[in-house]
Amino acid sequence: MSLQSVSTRPQSTRPRSSRRSKSYAVICADCNESTTVPFRPNPSRPVYCRPCFLARRSDQSAKPDAPTNKPPGTNDRTDDSASSGDGVFPGIELKPATRRALSSMNISQPTPIQTESIPPLLDGRDLIGQARTGSGKTLAFAVPLTEQCDPSNRRVQALVLVPTRELAIQVAEVTKALCSSHRLRVTLLYGGRSAKPEYAELKNGAQIIIGTPGRTLDHLRQGTLDLSSVRYLVLDEADEMLDRGFARDVEAILSETPSERQTALLSATLPEWVATTAKKHLRNPVSVEIDTDLRTLPTVEHMVYS
């Protein structure tokens, strides 16, 4: 080989560029928190943040192979129906993602308040639901909300007002569990804690807001919450909000929402203010009453589906 054919140019010793590859902002399908990924997300496939992804991979690797003691002739696809949510809430038209979410929550049969409330809410009707505590009112309105909110729209589409932070947390847990398969973000607003994390979540965008009247009104007054795109409004435990003196706050919040929204009011009782509020803000509502003659005993544990 001639010397002319051999390159004598010294090899470059420059370090590689430290420029980061392009990242994409997404919402984790498990925890509903914002994160970034180094690839373009596929809208038809769930994306997870690193902690949730590692947790899922760990769970899958640790799960032992279950013995298959199936009788001869059993279809191997039989178990697929359970994992896909088939048979969950029969008779109610729901998206497969909602059925899977309910199945993962070990819920298959609706309670009476859910059976009577979900179909008219899915049809766009306003609703007054009267049922005692522990009857399953949360899923009665949370299922229609998750079915109808648009994950591609980052503006607030649904607002749920509750009287206490404890109930707000419980309702948020149920709603987030439903939303995990829909890529919807849920933001929780309540007092007794710093509002800074709430500011950040509202700025990042959330389709569903669950909050107490006082903290929700604070955000409205500070300009950190915009309800101009709300399509669905829920007043949960409306009679208790009256008992706690939130009537004026609720009226102020309602005035910031579009008049053409869909509204659901749920309450154990219907005192005068609740009835007046329903008459003023609901349009030709469907009325659902379940066990209204029964009162929850003090020894009964109050539970929300989760």
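Here this note's numbering runs 914 ahead of the position in the sequence shown, where the first position is 1.
Heads up, the beta-carbon is just placed ideally off N, CA and C, and yes, glycines get one too.
No experiment lies behind these values; they were computed from the predicted model shown.
query                                                                                                                                                                : result
Please classify P1127: is it buried, with 16 or more other beta-carbons within 10 angstroms of its beta-carbon, or exposed?                                          : buried
Buried or exposed, going by whether 16 or more other CB atoms sit within 10 Å of the CB of Y938?                                                                     : exposed
State buried or exposed for R1135, treating a residue as buried only when at least 16 other CB atoms are found within 10 Å of its CB.                                : exposed
Would you report the Cα separation of A1178 and L1081, rounded to the nearest angstrom?                                                                              : 17 Å
E1030 by DSSP, collapsed to three states: which one?                                                                                                                 : helix
Can you give, in chain order, each stretch of the beta strand (DSSP E) that sits fully within the segment 1019-1090 and has at least 3 residues?                     : 1041-1045, 1072-1075
Looking at F1003: is its Cβ nearer than 8 Å to the Cβ of P1033?                                                                                                      : no
Nearest CA to the CA of P1077: which residue from R1158, T1171, A1086?                                                                                               : R1158
Given a threshold of 16 other Cβ atoms within 10 Å of its Cβ, counted over all protein chains shown, does A1182 qualify as buried or as exposed?                     : buried
Taking just the CA atoms, how far does K1051 sit from V1144?                                                                                                         : 21 Å
With a threshold of 6 Å on Cβ separation, who are the neighbours of E1203 within its own chain once the five nearest residues in sequence on each side are excluded? : Q1044
Output the distance between the C-alpha atoms of E1061 and E1186, rounded to the nearest integer angstrom.                                                           : 32 Å
Given T1138, which residues of its chain have a CB within under 6 Å of its CB, disregarding the five upstream and five downstream residues?                          : Y1113, L1116
Quick one: is T1130 buried, meaning 16 or more other Cβ sit within 10 Å of its Cβ, or exposed?                                                                       : buried
Please return the same chain residues whose Cβ sits closer than 6 Å to the Cβ of E1030, not counting the five positions on each side in sequence.                    : V1202
What is the DSSP secondary structure of T1138, counted as helix, strand or coil?                                                                                     : coil
Pull up the distance between the alpha-carbon of A1109 and that of I1124, whole angstroms please.                                                                    : 14 Å
Can you check which of these residues, L1180, Q1176, I1006, is closest to L1196 by C-alpha distance?                                                                 : Q1176
What first and last residue would you give for the beta strand (DSSP E) that runs through A939?                                                                      : 938-941
Quick check: D1150 and L1041, are their CB atoms within less than 8 Å of each other?                                                                                 : no
Output the boundary residues of the alpha helix (DSSP H) element that contains A1161.                                                                                : 1161-1168
Note down, in chain order, each residue of its chain lying with its Cβ closer than 6 Å to the Cβ of A1161, except the 5 sequence neighbours on either side.          : W1187
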